[in-house]
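Numbering (the numbering used here), first residue to last: 175 to 971.
Heads up, the beta-carbon is just placed ideally off N, CA and C, and yes, glycines get one too.
Notes follow the structure.
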Amino acid sequence: MEVHKAVLLLCLFRFTDVLEAYIKTDGAWIVKLPRSQYTVKTVEDCAVKCNIETSFTCRSFLYIEKDQDCVTLPANSKTDQILRRMSAALYEKKEYLLECVNGIGTDYRGTKSKTKSGKTCQRWEEKFPHVPNITPKTHPKADLESNFCRNPEGDKGGPWCYTTDQEKRWEHCDIQDCTEDCMQCSGENYRGKISTTASGLTCQRWDSQKPHNHGYIPSVLPDKFLEENYCRNPDGEPKPWCFTTSPSIRWESCSIPRCTTVSPTIVQELTCASGEGSSYRGTIAVTVSGKTCQEWSSQSPHKHSNTPENYPCKGLDKNYCRNPDNERSPWCHTTDPETRWEYCSVPSCGDQPIPGEPVIPEGEECYEGDGSSYRGAMSETISGKKCQFWTSMEPHQHSKTPQNFPAADLRRNLCRNPDGDQAPWCYTTDPTVRWEYCNIERCDSKPGTQEPPTNPEPAASPSTSQETDCKVGNGATYRGPTSTTIMGVTCQAWSSMTPHPHLSFNPETHPDKGLESNQCRNPDNDVNGPWCYTTDPNKKWDYCQIPDCDGLKCGQPAVKPKRCFGRIVGGCISKAHSWPWQISLRTRGKIHFCGGTLINAHWVLTAAHCLERSESPSAYKILLGIHTERATESSKQERDVSKIIKGPAGTDIALLKLDRPALLNDKVLPACLPDKDYIVPSDTECYVTGWGETEGTGGEGFLKETGFPVIENKVCNRPSFLNGLVKEHQMCAGNIEGGTDSCEGDSGGPLVCFSQNTFVLQGVTSWGLGCAKAMKPGVYTRVSKFINWIEQSMKEN
Numbered sequence: 175m176e177v178h179k180a181v182l183l184l185c186l187f188r189f190t191d192v193l194e195a196y197i198k199t200d201g202a203w204i205v206k207l208p209r210s211q212y213t214v215k216t217v218e219d220c221a222v223k224c225n226i227e228t229s230f231t232c233r234s235f236l237y238i239e240k241d242q243d244c245v246t247l248p249a250n251s252k253t254d255q256i257l258r259r260m261s262a263a264l265y266e267k268k269e270y271l272l273e274c275v276n277g278i279g280t281d282y283r284g285t286k287s288k289t290k291s292g293k294t295c296q297r298w299e300e301k302f303p304h305v306p307n308i309t310p311k312t313h314p315k316a317d318l319e320s321n322f323c324r325n326p327e328g329d330k331g332g333p334w335c336y337t338t339d340q341e342k343r344w345e346h347c348d349i350q351d352c353t354e355d356c357m358q359c360s361g362e363n364y365r366g367k368i369s370t371t372a373s374g375l376t377c378q379r380w381d382s383q384k385p386h387n388h389g390y391i392p393s394v395l396p397d398k399f400l401e402e403n404y405c406r407n408p409d410g411e412p413k414p415w416c417f418t419t420s421p422s423i424r425w426e427s428c429s430i431p432r433c434t435t436v437s438p439t440i441v442q443e444l445t446c447a448s449g450e451g452s453s454y455r456g457t458i459a460v461t462v463s464g465k466t467c468q469e470w471s472s473q474s475p476h477k478h479s480n481t482p483e484n485y486p487c488k489g490l491d492k493n494y495c496r497n498p499d500n501e502r503s504p505w506c507h508t509t510d511p512e513t514r515w516e517y518c519s520v521p522s523c524g525d526q527p528i529p530g531e532p533v534i535p536e537g538e539e540c541y542e543g544d545g546s547s548y549r550g551a552m553s554e555t556i557s558g559k560k561c562q563f564w565t566s567m568e569p570h571q572h573s574k575t576p577q578n579f580p581a582a583d584l585r586r587n588l589c590r591n592p593d594g595d596q597a598p599w600c601y602t603t604d605p606t607v608r609w610e611y612c613n614i615e616r617c618d619s620k621p622g623t624q625e626p627p628t629n630p631e632p633a634a635s636p637s638t639s640q641e642t643d644c645k646v647g648n649g650a651t652y653r654g655p656t657s658t659t660i661m662g663v664t665c666q667a668w669s670s671m672t673p674h675p676h677l678s679f680n681p682e683t684h685p686d687k688g689l690e691s692n693q694c695r696n697p698d699n700d701v702n703g704p705w706c707y708t709t710d711p712n713k714k715w716d717y718c719q720i721p722d723c724d725g726l727k728c729g730q731p732a733v734k735p736k737r738c739f740g741r742i743v744g745g746c747i748s749k750a751h752s753w754p755w756q757i758s759l760r761t762r763g764k765i766h767f768c769g770g771t772l773i774n775a776h777w778v779l780t781a782a783h784c785l786e787r788s789e790s791p792s793a794y795k796i797l798l799g800i801h802t803e804r805a806t807e808s809s810k811q812e813r814d815v816s817k818i819i820k821g822p823a824g825t826d827i828a829l830l831k832l833d834r835p836a837l838l839n840d841k842v843l844p845a846c847l848p849d850k851d852y853i854v855p856s857d858t859e860c861y862v863t864g865w866g867e868t869e870g871t872g873g874e875g876f877l878k879e880t881g882f883p884v885i886e887n888k889v890c891n892r893p894s895f896l897n898g899l900v901k902e903h904q905m906c907a908g909n910i911e912g913g914t915d916s917c918e919g920d921s922g923g924p925l926v927c928f929s930q931n932t933f934v935l936q937g938v939t940s941w942g943l944g945c946a947k948a949m950k951p952g953v954y955t956r957v958s959k960f961i962n963w964i965e966q967s968m969k970e971n
């Protein structure tokens, strides 16, 4: 009985704890010899194979669930190049990624290879310049590979190595103690567990919105490691900080000492801007308008906190252009007292120039063939993840750069197919997911278009036994008849083991997944949709081409918008009817003066300040289904206002009830409302539309659009920006450098954000200090704070 208990406990430990020693990255692959390959039932079995590997020291393993393929490796992301591979997952042992020591460091397996005095370590198997008496052969369990610092015999001084200096046989290495809670540089990579501020306040959890609402959401910003309520630095402050649990103090810096035992991390010095230009170390010291840069160590003419002391790893030498605080590109404070700062004209490392970046041309709504020629503006993956910039190496190192693929148009973080994959893709900003295909349809896979019904009924919720030949979402509920892959190959029966043996997915293991025959299914919730094992002996499995069941829905226009990165002030003209929820609020004389958003067939949402001219509903007209301000389109719908309901006192939001319902079609469609109290994450790309003032730059008379990022209120309320004027029920969006904004005549109009193939109304255009001015982003009423008010008002009226 006791033996059985011990075996049971061992099994429980094996399958519940074995993966805790590993870090997982989806879509990653390492090509390395030697390697061992096994067929296993589960990923836990593969981890056990790695743990007991005898052929070499196993540092990681690869697992392909659909193939039940397990590959154990002596390599990891620190030692070998990581490649892309669909449906593969790389699991790396944490102990081999750790770059600090516990105790005297006998178990240290990091990659430090320099001594305390800066000497390079000699390889352990080499005999020059020093003949070692400790080698991989004499100490086979000490992991004496390459020239990494190790402590094979328990030296009390910690890890050491033989040096390449003939005068110095060996020396200890300078490696941080794992228990030392300190930060390097400005704490951008601080992962400690301090959770109190400098004044002793307890930190608010990052995944909580109480007592302070914020846009630093852990699930959306996984690269920022916003864990528990630990101090972090996600936005380029001089040191880690947190929101506090005190309702009267929104946020405060934390008191974390700098590590004195470890030199600041030195980034690769570049003389061109890669990504956001944080690695730029060139000598340009003039802004885009020709102004001379102020020295970083000087406080005249502009006082600032961007000093070499606050940012010791950002190369703030003299007055050279740099990017210490995660701006869009290198910049500097200027010597002009009237101009606090400006961006610099720094050459880009193979990408388009950053300052004055050109508007992305109107992109395709779909891709042809394998998408190698796709030049659209999509920058979101099929699961909704934001794409990493092609010029950036964070969070994923890669070789798909504009320099290496000059003909692939690898601009910004736009979806592309530089290497001839089956569809456009990108690296993601999620450290745990290396890459994914993008949320773009193939042109020849789109179902034939037809005129939508003029007033469609709401789509019914999909049943769990959906038998129509279309899919909802990722197709987990698909039970249709399709049984061929995207390449036209017949599917293998799920119960068959020929030509491909498999154990994970069959009618017995997944009795409720519809695996009775050989139809395409999605038993593992693959984000790319239904798939099957194939009858082609050379191709174990592949995806199936199943169309979406989605019909006409809120936030999903029939004509896909340009989603241009241009600007309203300056005139990026929209595609006609691509923003079908946009309305024109007019006087009785039909003169446009404000915008608004259709939220259902009966109601429009706008800004309260647009209604100051009259309290009477009869003073206003609403036009829908138009693209030109002249409103000559045959699709125009004209409605009177039957009721005005203004928002709570001190807020800039109002509801307008139409005298009769709007006729919903492909040119008149509501935007979706957000979830109650939802906070749009920082840097989310959102879009504003309107017929507003263009300040003489062209495009007058046509609906215009612009895309720009949401700015967290914490940043927007900095003294140099809007100085605390933005309230909790409001939000900021725009480009800090200016040039992109809503303007007079756009008031009341929509700020929509794209998520999961849907545009959601997150803001109502409210106010701004001028139009498109630097450091003065637009302010919008945060719609999610008014969901209860909106629903109650519509219900009662």
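If you draw a straight line from the C-alpha of residue i to the C-alpha of residue j, how long is it?
| i | j | result |
| --- | --- | --- |
| Val-520 | Glu-568 | 20 Å |
| Cys-295 | His-304 | 11 Å |
| Phe-322 | Thr-285 | 5 Å |
| Thr-806 | Ile-800 | 8 Å |
| Ala-750 | Phe-876 | 9 Å |
| Asp-833 | Ile-796 | 10 Å |
| Arg-297 | Gly-331 | 20 Å |
| Phe-563 | Ser-503 | 13 Å |
| Lys-198 | Lys-367 | 22 Å |
| Gly-451 | Thr-445 | 10 Å |
| Glu-542 | Phe-579 | 20 Å |
Once you ignore the five residues that flank residue i on each side, which residues in its own chain have a CB closer than 7 Å to its CB?
| i | result |
| --- | --- |
| Leu-457 | Rather than Leu, the amino acid found at residue 457 in this sequence is Thr. Taken in chain order, the residues that qualify are Tyr-494. |
| His-676 | Gln-242, Tyr-707 |
| Asn-591 | Asp-544, Gly-545, Ser-546, Tyr-548, Ala-597, Pro-598, Trp-599 |
| Lys-293 | Thr-337, Thr-338, Asp-339, Lys-342, Glu-345 |
| Trp-515 | Trp-505, Cys-506, His-507, Thr-508 |
| Thr-513 | Lys-465 |
| Pro-681 | Trp-668, Ser-669, Leu-689, Glu-690 |
| Ser-557 | Glu-610, Val-701 |
| Asn-844 | Contrary to the premise, residue 844 reads as Pro rather than Asn in this sequence. Correct list, in chain order: Cys-728, Trp-755, Leu-772, Ile-773, Asn-774. |
Give every residue of the same chain whose Cβ lies closer than 6 Å to the Cβ of residue i, excluding the five residues on either side of it in the sequence, and list them in chain order.
| i | result |
| --- | --- |
| Pro-499 | Note that residue 499 corresponds to Asp in the displayed sequence, not to Pro. Taken in chain order, the residues that qualify are Gly-410. |
| Ile-961 | Lys-850 |
| Asn-276 | Cys-352 |
With burial defined as no fewer than 16 other Cβ atoms inside 10 Å of the residue's Cβ, what is the status of residue i: buried or exposed?
| i | result |
| --- | --- |
| Phe-302 | exposed |
| Met-552 | buried |
| Thr-939 | buried |
| Pro-421 | exposed |
| Lys-413 | buried |
| Leu-899 | exposed |
| Pro-314 | exposed |
| Asn-267 | Reading off the sequence shown, one finds Lys at residue 267, where the question assumed Asn. The residue is buried, with at least 16 neighbouring Cβ atoms inside 10 Å. |
Would you grab the beta carbon distance between residue i and residue j for me? Rounded to a whole angstrom, and I think it's under 8 Å.
| i | j | result |
| --- | --- | --- |
| Ser-369 | Thr-376 | 7 Å |
| Cys-224 | Thr-253 | Not a contact, Cβ separation roughly 16 Å. |
| Ser-856 | Tyr-390 | 6 Å |
| Glu-227 | Leu-193 | Their Cβ separation, rounded to whole angstroms, is 16 Å, which puts Glu-227 and Leu-193 out of contact at 8 Å. |
| Gln-756 | Gly-922 | Going by Cβ atoms, the distance from Gln-756 to Gly-922 rounds to 11 Å, so no, they are not a contact pair. |
| Lys-559 | Thr-606 | Contact flag wrong, Cβ pair sits at about 10 Å. |
| Phe-882 | Ala-907 | 6 Å |
For residue i, which residues in the same chain have their Cβ closer than 8 Å to its Cβ, ignoring the five residues on either side in sequence?
| i | result |
| --- | --- |
| Glu-176 | Any reading at Glu-176 must be qualified, since the residue scores a pLDDT of 43, below 50, and its modelled position is unreliable; no value is offered. |
| Tyr-270 | Arg-233, Ser-234, Asn-250, Lys-252, Arg-283, Gly-284 |
Residue i by DSSP, collapsed to three states: which one?
| i | result |
| --- | --- |
| His-801 | coil |
| Gln-966 | helix |
| Tyr-270 | helix |
| Ala-782 | helix |
| Asp-698 | coil |
| Phe-960 | helix |
| Ser-474 | coil |
| Val-462 | coil |
| Lys-315 | coil |
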